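Read the structure below first, then the notes.
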Amino acid sequence: MSGVETGDGQELRERVSRALSEVGNRWAMIPGFPRAKVEGKLLRPLLATAAALPPGAQLSKVDQLPQAFWEGTLAIQMVHEASLIHDDILDQASCRRGVASLQAERGLDAALVQGDHLLTGAYRLAAATGSLAFVRRMAQAVERTVAGEKAQGASRGQWLSEGEYREIVSWKSGGLFGCALALGRTLAGDEDGAEEDYRMGVRIGCLYQMVDDFLDLCPSTESGKPALQDLGQEKWTWPLTEAGIQDLRDLPTGADAPRKVRELLFRKDASGSSPMGRALARLRGEVDGVVVEWLQGRPDEHRLPIVLEEWVEMARKAMAREEGELDRSTPGEVRLPEGDPVLVDRLPGTGGAPHRGRILEEVRAEARALGSEEQWLRYFAHHGRSFRFASRLFPKQEGRLVAGVYAFCRFTDDLVDRAPHLPPEILEARLEAWMELTRAAYGGEDTGVPLLTGVLGETAERGVPLLYAEELIRGVAMDLAPPHYEELADLRRYSYRVASVVGLWLTELFGTHTPWVLRRAEAMGHAMQLTNILRDVGEDFREGRVYLPKAWLERHGIGIGALGEAVGSGVLPERWDILMEELMAAADAEYEAAFPAIPALPRFFQGPVAVAARVYQGIHHEIRRNGYDNLHLRAHTSFPAKLRLGSRSLLQLRKARRHPGADAEAQSGLRGSLPALPRM
Ligand code: FPP
Ligand code: MG
């Protein structure tokens, strides 16, 4: 593939398939060695070949690749086949690629041992390459495939943040793609080059899995696999995020599921956007990013961009099919005249919000009143005193972006906070209108709101997902109902939306897109939000809000009634201090997980983040100094304490920069275990 002109995909595939069959036949003569099927798309072998050929090479060069290369490629293909056989066992899948799965055809026992057999054979083949570096890489890829699968299994039924989903798929599917891409340079002893290829492979593998998961939500697509398999297994996949779903239990199952899934995921709202449409746009953006990077390293190599484009096209067609189904299923619907706000409000998919048109104009006018850059900076200065201090540490352009994102968050919050007298449906409609304007601005439309043009325009231009702004709006909407969080895992969905996304948004705006860093930015948000909740327990309670997870309160014998009594009487509930310590420990674990990623941020961003995080964490100390009374007192960090914490954090940062140690290794492709981030 490398350097060969386009349009030769079929010939290339035949050459690769032939070479693999030849090695397979030779090895099959060894008694006891398993035979691989070498069928399907052969993506991993094709990508391995693309990356291994020198730039500008003719197709005939494929046949000249060394024996060790084909042994390595076949080993990777065998691991892949083994993983699918085992995957079908775990999924209890009746078919794959349109034919009966091995376990359906020959039974569980036969499938299990066949998977094991292929896997052991793969290791022997890897050893035959004579490259210890490759054996190490492949062993690691197998570990990651299995660890990713385990992590996904353990997360069944749970909502996952974007970062958690990506972490899982980059292990489950990315590891083996990474190993395939790195094969050529690993065998050539070029470890740095191999590491670069590995990372690119992980991204491609991730994209592949994202497409697979997208198609799984398209029930009319003939994928050769059972329809809506992931939902049936309560597997969280990325497009669900676009629909604002937070609980897999809200998703339909059973015979009516395809119709309901279509309604939920493919129905366009008044602005013409559907969750799957937004997901597709995101996919397209990511593919563009990978293609640009790939072409920078291999300017003549067009095969991979074509393959990726085909994936996007597959997803687009699948979406069009579902939209067609939707139209067919609602044939009697009368098309209403355009521009009649009241009637338009009643259109399906608009949420039936009253007076949509009028509300949209009100929100637009309020947002316009925020003015332009100079005014946001003032808005920022007025509202966020502690953040303003940090903003002085930014270069001018970045400082403006911080102020812009801050103004966006603050304004979103104010849309509901400043109008407490309005009924919840109107507040919800205000947020929906804001969502619509936000999406339009991201799409390049002129909304007439300078804040949106500036911030969302810059967000789109820098290739940062719209998702963060959307999630923030959804997070604010969550506060329209009284909070009820059973476990910390439930509270995390809230803290992700109102806190983590802000860090993620800024981190990506400032050019850091590494998943490892982003997962830690997310952790920082969880940590800071939990600290914030712990500081304000009494204040929130008086407003009828309890954010603390109910199960944690109950474990210490504290019911909502007891909490109310304590707020009234001034006497803290028994074991309150223990509960607070436990929750602070959960937040601390997230702070500690997040801190090592700070040196990986752009230099100007490191100091502000380190200072803000440690100063905020310092609130825990103040809560203790108040005798854990966060029901009547508001923990307050004095200026000298802030200075002390701030300078300590900068010292720690300097040390971390000098000794990246284990953290650098954690980011590299060669670490052998799933980075254990705490789940508070
Ligand atoms: C397909 O994903 C599955 C994988 C990429 C890996 C599955 C890994 C195991 C079953 C662990 C055992 C691994 C080995 C190496 C023996 P999917 O289920 O989302 O895709 P599907 O739609 O094709 O089922
Ligand atoms: Mg599966």
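Numbering (the numbering used here), first residue to last: 31 to 710.
Idealized CB from N, CA, C, for every residue including glycine.
All values derive from a computational prediction rather than experimental measurement.
How big is the Cα-Cα spacing for residue i and residue j?
i      : j      : result
Glu41  : Tyr472 : 42 Å
Arg126 : Val68  : 15 Å
Ala123 : Ala257 : 11 Å
Val597 : Gly555 : 28 Å
Gly657 : Ala665 : 10 Å
Leu673 : Tyr646 : 12 Å
Asp618 : Arg572 : 27 Å
Ile649 : Thr561 : 7 Å
Pro450 : Ala459 : 14 Å
Ala437 : Leu190 : 27 Å
Leu564 : Arg196 : 30 Å
Ala557 : Ser530 : 9 Å
Ala112 : Asp121 : 14 Å
Pro269 : Met306 : 6 Å
Gly39  : Val485 : 42 Å
Arg308 : Leu149 : 39 Å
Leu390 : Trp464 : 7 Å
Gln97  : Leu162 : 16 Å
Leu502 : Thr544 : 21 Å
Pro480 : Val532 : 20 Å
Glu488 : Asp118 : 44 Å
Thr442 : Ala499 : 10 Å
Gln170 : Arg154 : 15 Å
Arg136 : Cys236 : 31 Å
Arg684 : Glu622 : 16 Å
Gly429 : Leu536 : 11 Å
Per DSSP, which one or two residues make a beta bridge with residue i?
i      : result
Cys236 : Paired residue(s): none; Cys236 is not in a bridge.
Cys125 : Ala130
Using the rule of at least 16 other Cβ atoms within 10 Å of the residue's Cβ for burial, across every protein chain shown, is residue i buried or exposed?
i      : result
Asp280 : exposed
Leu77  : buried
Ala511 : exposed
Leu452 : exposed
Asp227 : buried
Ile653 : buried
Val601 : exposed
Met230 : buried
Glu595 : exposed
Leu313 : buried
Ala660 : The residue asked about is misnamed: residue 660 is Asn in this sequence, not Ala. Under this definition Asn660 is a buried residue.
Ala82  : buried
Leu681 : exposed
Ala285 : exposed
Spatial neighbours of residue i within its chain, please: CB distance less than 6 Å, with the 5 preceding and 5 following residues excluded, ordered by chain position.
i      : result
Arg504 : Gly274, Arg527
Glu466 : Ser301
Ile588 : Pro603
Gly193 : Leu548, Arg549, Glu552
Thr267 : Asp243, Asp260
Arg687 : Pro629
Pro425 : Phe634
Trp324 : Leu334
Spatial neighbours of residue i within its chain, please: CB distance less than 8 Å, with the 5 preceding and 5 following residues excluded, ordered by chain position.
i      : result
Leu717 : Here the chain covers residues 31 to 710 and nothing more, so residue 717 does not appear.
Leu72  : Arg43, Val46, Ser47, Leu50, Gln107
Tyr515 : Leu521, Tyr524, Tyr577, Leu578, Pro579, Lys580
Pro513 : Tyr524, Arg575, Val576, Tyr577
Gly676 : Val641, Arg644, Val645
Gly478 : Arg394, Arg398
Gln239 : Val199, Lys202, Ser203, Gly204
Glu612 : Trp582
Gly160 : Ala98
Asp570 : Ile563, Val576, Tyr577
Among residues of its own chain, excluding the 5 on either side of residue i, which ones have a beta-carbon nearer than 7 Å to its beta-carbon?
i      : result
Val321 : Pro335, Leu338
Gln182 : Ile198, Lys202, Lys265
His110 : Arg74, Leu206
Gly128 : Gly254
Glu363 : Any reading at Glu363 is ruled out, since the residue's pLDDT is 44, under 50, leaving its predicted position unreliable.
Ser303 : Arg469
Arg215 : Gly223, Ala224, Asp227
Glu355 : Ser250, Arg292
Glu353 : Phe296
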